[in-house]
Amino acid sequence: MKRPFSDASERATAIGVLAAGVAHDVNNMLSVVLTYAEVLGQRLEPGTPEASELHELRVAAQRAADLVRQLLSVGRRAPARPERLDLGAVVGGIERMLRILVGQRVDVRIAATGDLWPIHADRARVEEIAINLVTNARDAMDGVGRLSIETGNIELPAGPHVVLSVSDSGRGMDDATLARIFEPFFTTRECGKGSGLGLAVVAALVEELGGTIGVTSAVGKGTTFRVCLPRDDGKVA
Numbered sequence: 021m022k023r024p025f026s027d028a029s030e031r032a033t034a035i036g037v038l039a040a041g042v043a044h045d046v047n048n049m050l051s052v053v054l055t056y057a058e059v060l061g062q063r064l065e066p067g068t069p070e071a072s073e074l075h076e077l078r079v080a081a082q083r084a085a086d087l088v089r090q091l092l093s094v095g096r097r098a099p100a101r102p103e104r105l106d107l108g109a110v111v112g113g114i115e116r117m118l119r120i121l122v123g124q125r126v127d128v129r130i131a132a133t134g135d136l137w138p139i140h141a142d143r144a145r146v147e148e149i150a151i152n153l154v155t156n157a158r159d160a161m162d163g164v165g166r167l168s169i170e171t172g173n174i175e176l177p178a179g180p181h182v183v184l185s186v187s188d189s190g191r192g193m194d195d196a197t198l199a200r201i202f203e204p205f206f207t208t209r210e211c212g213k214g215s216g217l218g219l220a221v222v223a224a225l226v227e228e229l230g231g232t233i234g235v236t237s238a239v240g241k242g243t244t245f246r247v248c249l250p251r252d253d254g255k256v257a
């Protein structure tokens, strides 16, 4: 005879699997909505009522897509598949997605150091880190401003690392906010406009990859996140 908590645990697992499947399907449908919204936006004259209404539709759909993606990340069950990666190439591979994500009113600059050291990581995890940081930057700028994404090599006391920096020209944060930004469900945005999961997911993924994350910010002067991942030394773990 099974113990009651065992049944409850199995039910919770089953519900989690079902929720992940539904979230995945919803995410696919939202991707279609966002794609067509982007195409329609290119056909409409800026400043017209129709363009404004389409922008609001796109913002709402993007918020829904962000939430679904973050929930999928939190509930991820797929095992990691680490491989030798060029961080600059990984970011370059999702550049178009990132530019669509932030919108046309954000000036995006992407720069990679030549001769970048390799890292040993799961590509999907690295992409998720970049997407979440860019999403956070977009929200901090309210969709208007300057975004810089850079990759480079760095020597740390722990050894050689490769760094991903994401800087925005947004509102910035005070010390009290900085102390809590990686807490799950903590957000400074209005109700319904942020889940508070994005940076918590980033912190968990960076830790999983054996790296570190740091942030510098000042109110009114923007924010910079730096993710440092260990250089792949070619040794098999």
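Converting from the sequence shown to this note's numbering requires adding 20 to each position, the first position being numbered 1.
For each residue, glycine too, the CB sits at the ideal point set by N, CA and C.
It should be emphasised that the depicted structure is a prediction, and the values quoted were computed from it without experimental measurement.
Could you check what DSSP says for Ile-114 in three-state terms: helix, strand or coil?
coil
Starting from the C-beta of Gly-165, find all residues in its chain whose C-beta is less than 7 Å away, skip the five residues before and the five after it, and write them out in chain order.
Val-126, Asp-188, Ser-189, Gly-190
Verify whether the separation of the beta carbon atoms of Val-182 and Leu-225 is less than 7 Å.
no
Does the segment 126 to 139 come within contact of the segment 99 to 112, defined as at least 3 CB pairs closer than 8 Å?
yes
Going by CA-CA distance only, name the one from Glu-175, Ile-201, Met-161, Gly-230 that's closest to Leu-217.
Ile-201
State yes or no: is the C-beta of Leu-50 within less than 7 Å of the C-beta of Gly-61?
no
Taking Ile-139 as part of the beta strand (DSSP E), name the residues at either end of that continuous run.
139 to 142
Looking at Gly-240 and Gly-163, is the spacing between their C-beta atoms short of 7 Å?
no
Are there 16 or more other CB atoms within 10 angstroms of the CB of Arg-246, so buried, or fewer, so exposed?
buried
Cβ atoms of Ala-141 and Pro-180: under 7 Å apart, would you say?
no
Helix, strand or coil: how does DSSP classify Ile-169 here?
strand
CB-CB length for Thr-236 against Ser-185, believed under 8 Å:
Going by Cβ atoms, the distance from Thr-236 to Ser-185 rounds to 10 Å, so no, they are not a contact pair.
Just the Cα atoms here: how many angstroms apart are Asp-252 and Pro-69?
52 Å
Terminal residues of the alpha helix (DSSP H) in which Thr-222 lies
This sequence places Val at residue 222; Thr is not what is there. Start and end: 218 to 228.
Among Gln-124, Ala-84, Leu-198, Arg-116, which has the Cα closest to the Cα of Val-46?
Ala-84
Can you grab the Cα-Cα spacing for the pair Ala-157 / Ala-131, in whole Å?
17 Å
Ala-132 - containing beta strand (DSSP E), residue span:
126 to 132
Are the CB atoms of Asn-173 and Val-221 within a distance shorter than 7 Å?
no
Roughly how many whole angstroms lie between the Cα atoms of Arg-116 and Glu-147?
13 Å
Taking C-beta to C-beta, are Leu-198 and Val-154 nearer than 7 Å?
no
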